[in-house]
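Here is the structure we will look at, set down as structure tokens.
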Amino acid sequence: MYIPFENLPGESRIWIYQSNRKFSDEEFSEIESDLKTFVEGWAAHGTSLEASYELKYNRFIILAVNQEVQAATGCSIDSSVEFIQALEKKYNVDLLDKMNVTFKLGEHIAHKPLIDFKKMVKDKSVSENTIVFNNLVNNIEEYNESWEVPAADSWHSRFF
């Protein structure tokens, strides 16, 4: 069952998928339509999940589930991953590779393999103040507080 993202409680579990490229506005509009259809039918053991999504920067897909109402189960999580894999195929993008780093360079959103990001740190092309996207956050509260943070305040700090 779809619930507006802002109406979900802070403890709601989230999954963040980042694209290796920016989606066009048309692609993002199609993805939003597909996401709404998916979330409306998303269930765990036949019980509807109180769920939502958010799209950010034409690059990020955030899925959320209110675990207080019905917890996401292995099968329901698998179905969400299958949905994301279908998007990868449809748009020829990578959404599941966790070994990439997305960060801000001014107003531009950059996406680099982890090894390239480490090299940028060494070359001082990015600093501890560079805004990074910490996709390891687990719930909406953490997402709101700790998703877009200076590298020094995230797991990326180990590279400085």
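Taking our numbering, the leading residue of the sequence shown gets 609, the next gets one more, and so forth.
Yeah, the Cβ is synthetic: ideal placement off N, Cα and C, and Gly gets one too.
In this text the structure is predicted, and so the values were computed from the model without any measurement.
Would you call the stretch 723 to 734 and the stretch 657 to 669 touching, i.e. three or more CB-CB distances under 8 Å? Contact fails between the stretch 723 to 734 and the stretch 657 to 669, because fewer than three Cβ pairs, one in each stretch, are under 8 Å apart.
Please classify Ser620 as buried or exposed, where buried requires at least 16 neighbouring CB atoms within 10 angstroms. Position 12 of the sequence shown, counting from 1, holds the residue named residue 620. Burial call: buried.
Inter-residue Cα distance where the pair is Lys697 and Ala679: Along the sequence shown, read from residue 1 onward, the residue named residue 697 stands at position 89. Along the sequence shown, read from residue 1 onward, the residue named residue 679 stands at position 71. When only Cα atoms are considered, Lys697 and Ala679 end up about 28 Å apart.
From Asn737 to Thr655, what distance separates their C-alpha atoms? Position 129 of the sequence shown, counted from the start, is the residue given in the question as residue 737. Position 47 of the sequence shown, counted from the start, is the residue given in the question as residue 655. Each residue's CA atom was taken as its position, placing Asn737 and Thr655 some 44 Å apart.
Hey, out of Ser627, Pro758, Ile748 and Lys732, whose CA is closest to Val673's CA? Walking along the sequence shown from the start, residue 673 turns up at place 65. The residue with the shortest Cα to Cα distance from Val673 is Ile748.
Mind checking if Thr645 is an interface residue toward chain B, Cβ cutoff 8 Å exclusive? In summary, chain B is missing from the structure at hand, where a single protein chain is found.
Assuming Thr738 is part of the alpha helix (DSSP H), what are its boundary residues? Start at 1 with the first residue of the sequence shown, and residue 738 comes out as number 130. Element bounds for Thr738: n/a, residue is neither H nor E.
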